[in-house]
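Quick note: the sequence shown, position 172, residue 295 per this note's numbering, numbers continuous. Each residue gets a CB set at the ideal place from its N, CA and C atoms; glycine is no exception.
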Amino acid sequence: MTPRLIAVAGPLSGTSLPLTRVETSIGSDDANHVGLADRAVSPRHCLLICRDGLVTIRDLDRENSSFVNGLPAGERALEDGDEIQIGSSLFVFQQLANSDEAGTVRLKGDALDEIVSDSVRVGEDAAPASAAIVLRREDVFDDAPFHRMATTTRLSRDLAALIRASAAINAVRGLVALERPLLELIADAVPATRGALVAAGDSPREIGSAIGWCRDVAAGVTAGLPVQVSRPLIERVLRDVVGVLWYEFGDERRDAASPASHATRSVLAAPLVAFDKVLGAIVLEVDGPDQRFDEGHLRLLMAIAGIAATAFEHARQVESLEGANRRLQAELNLEHNMVGDSEKLRDIYRRIARVAPTDSTVLITGESGTGKELVARSIHRNSPRAGRPFVAINCAAITETLLESELFGHEKGSFTGAVGQKKGKLEIAEGGTVFLDEIGELSFALQAKMLRVLQEKAFERVGGTRPVHVDFRLVAATNRDLKAAIESGAFRRDLYYRLNVVSVAMPPLRDRRDDIPILANTFLRRQSDKTKRQVAGFSAEALACLIGYDWPGNVRELENAIEHAVVLGQDSLIQPDDLPDAVAESAPPEAAAAAVVTMHYHDAIRQAKKDLILRAVEQAGGHPSAAARLLGLHPNYLHRLIKNLQLKAIRTDGEP
């Protein structure tokens, strides 16, 4: 088997990387097998290990993970179609079939630069013109003497072969998959022992930049014998867009009346032309004289080549569109990967891996900014619905009247401004995943409608009377306590049970502090690329501040803090005074003591703030709220300062 990576975004975009080694290293260092010129890639980033027919990816930098379908790779086996993100590069893993081990020839310019396999050889020897038959495309189906001379059996056999080839070619999807069976289809109708596909280069009249492909079409009979592809022959086929049949002779005298009778080798070549664009040529050969080609074989090959060329061009266009779609998706998903290696987050990864392949409804809970949408996207990208739409709707960001139309769509004239029919988000997500963020903000009326949709998989557009049947998977998220909302009558109990089939609780960042350095470095690389500023990392003191802060805004607040530091910082390392004040003042005393350099400036500021707050609280009779008024601060901010500065002598509970 020949697995490979197809680069669809990043420095190597558009290239194919065969994984022929047992271990293939990837990183920014030139010593790697695959080098990526990307500041977001570690010098030794990851390994791809091919063993026993499986390909495994293994991360080499714990703080700079690779991602497989949006989840940290760690060490996991790859499956066909997996998306692998390494820095800003996106690769698609392909596990190809055995037939993909066919040889490849790379031609650059007008000369052969490299032969990757001995299955194809390009020679400069010309075809003997005196023993050649040339056929134009427009003459293939003319009422030529051949048609009058050919037997009914021969014509019937060729017609059946043409029909089989047409049906088989049109049933195959994908350029690579289409190349593989084509020669076998031709070999069923033409007595060829070997064959090759040669793709044209940028210019339709040149072989330059072409790629050839070969396989033995009569395995076991001529196994191991290479195809001798004549450059003059291919150049003529591509230049004149004609089919050619020529014979090669040995030393014996040939019969002038029947030159083919003494041929030691005969070759067929037919152009691949689609929409007046020359894509390449098909070349077949057979060793004679017991078996040899005739004009009927040439006509049949050209007919099959015409059908195959159209299929090739369509496949190329589809692959081009799919590649463009992957690149756009890569840009959208670049910041939608889950980062972290703490035990709590690994539990989340394991739960995602179990629930993603199913169609179960998932309810994600957690504080704002913990990454609930990232979990939803990861579930979608690792599910069988990954190729279908992922539609996200924030229920708190749209008014109730507009949200109903947004979800279910509306009919023309259903309300003022409804000038035409509009499909809703649920209908657009057909076959995919719908993510309802802040579902706890749904009105009671919309909760009832959503319950019906989940039960019956059908709804009616606003102003409509006919049911619209849909197939989608629902993933919902909320930062509210839905059980408390049920008790207060703000949320339907039956809808809660419909949503809570599988639950995923996202831990706040303060409960997984081990992930803070990994997240901080990820955000630092991202912001460095955006601002074009070289930042090497964090000082020990700045990292202590990040770890010591409680992050009430969770991961979103951490990302904003890193952006603040990158924009305002001036050194190659992020320093504490580059961070927001609340973060810079949060380092615990033991972390500060363990720092290599004492933070003289911030120690003084910290102590000054402590003394000021203590004096204000003393003047206010021990009431922090009154002290906040004296200091001109909001009470909540003063309470946060008291907590961050660890002023345990001041009680903030039970205030009047």
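Local Cβ density within 10 Å of residue i, reported as buried at 16 or more and exposed below that
i    : result
T588 : exposed
L282 : exposed
D161 : buried
E408 : buried
P394 : buried
H168 : buried
N448 : exposed
G616 : Position check: residue 616 holds Arg in this sequence, whereas Gly was assumed. Answer is exposed; the Cβ neighbour count stays below 16.
I209 : buried
P507 : exposed
A154 : exposed
N221 : With a pLDDT of 41 at N221, under the threshold of 50, the modelled position of this residue cannot be trusted, and the question is left open.
C337 : Note that C337 scores a pLDDT of 42, beneath 50, so its modelled location is shaky; the value from the coordinates is reported in the next line. Buried, since its Cβ has 16 or more Cβ neighbours within 10 Å.
Y620 : exposed
S189 : buried
R144 : exposed
I286 : exposed
F538 : exposed
D638 : buried
H420 : buried
F567 : exposed
V441 : exposed
T316 : buried
A200 : exposed
F614 : buried
T488 : buried
I491 : Per the sequence presented here, residue 491 reads as Ser, with Ile not at that position. Exposed is the call here.
N654 : Note on identity: in this sequence residue 654 is Thr, with Asn being the wrong assignment. By the 10 Å Cβ count, T654 comes out exposed.
R185 : exposed
CB of residue i within 9 Å of CB of residue j, strictly
i    : j    : result
I475 : S501 : yes
L642 : V678 : yes
I685 : L632 : no
I736 : L754 : yes
A288 : I430 : yes
A130 : D652 : no
L402 : A432 : yes
M573 : L618 : yes
N767 : D673 : yes
L569 : L622 : no
L142 : L159 : no
D704 : A665 : no
V598 : V557 : yes
R259 : V365 : yes
V263 : R422 : yes
K114 : N602 : Nothing about residue 114 can be read from this structure; the chain reaches only from 124 to 779.
I562 : A600 : yes
DSSP three-state assignment for residue i, whether helix, strand or coil
i    : result
Y370 : strand
R763 : helix
G204 : coil
T601 : strand
H503 : helix
S189 : coil
S353 : strand
D311 : helix
L770 : coil
T524 : helix
V80  : This structure cannot speak to residue 80, because the chain is shown only from 124 to 779.
A509 : coil
E198 : strand
A163 : coil
I129 : strand
D652 : helix
L135 : coil
V243 : With a pLDDT of 49 at V243, under the threshold of 50, the modelled position of this residue cannot be trusted; read the value that follows with caution. V243: strand per DSSP, three-state reduction.
E490 : coil
F216 : strand
A743 : coil
Give the list of continuous beta strand (DSSP E) stretches no shorter than 3 residues that lie fully inside the region 531–571. 556–560
If we count Cβ pairs, one from each stretch, closer than 8 Å, do we get three or more for the region 616–630 versus the region 662–673? no
Give the list of continuous beta strand (DSSP E) stretches no shorter than 3 residues that lie fully inside the region 399–439. 400–410
Which parts of the region 664–709 are runs of the alpha helix (DSSP H), unbroken and 4 residues or longer, counting only runs that do not cross its ends? 677–691 and 704–707
Tell me, please, whether the region 695–705 touches the region 504–519 by the rule of three or more beta-carbon pairs shorter than 8 Å. no
Any 3 or more C-beta pairs closer than 8 Å across the region 544–553 and the region 486–503: no
If we count Cβ pairs, one from each stretch, closer than 8 Å, do we get three or more for the region 130–139 versus the region 180–195? no
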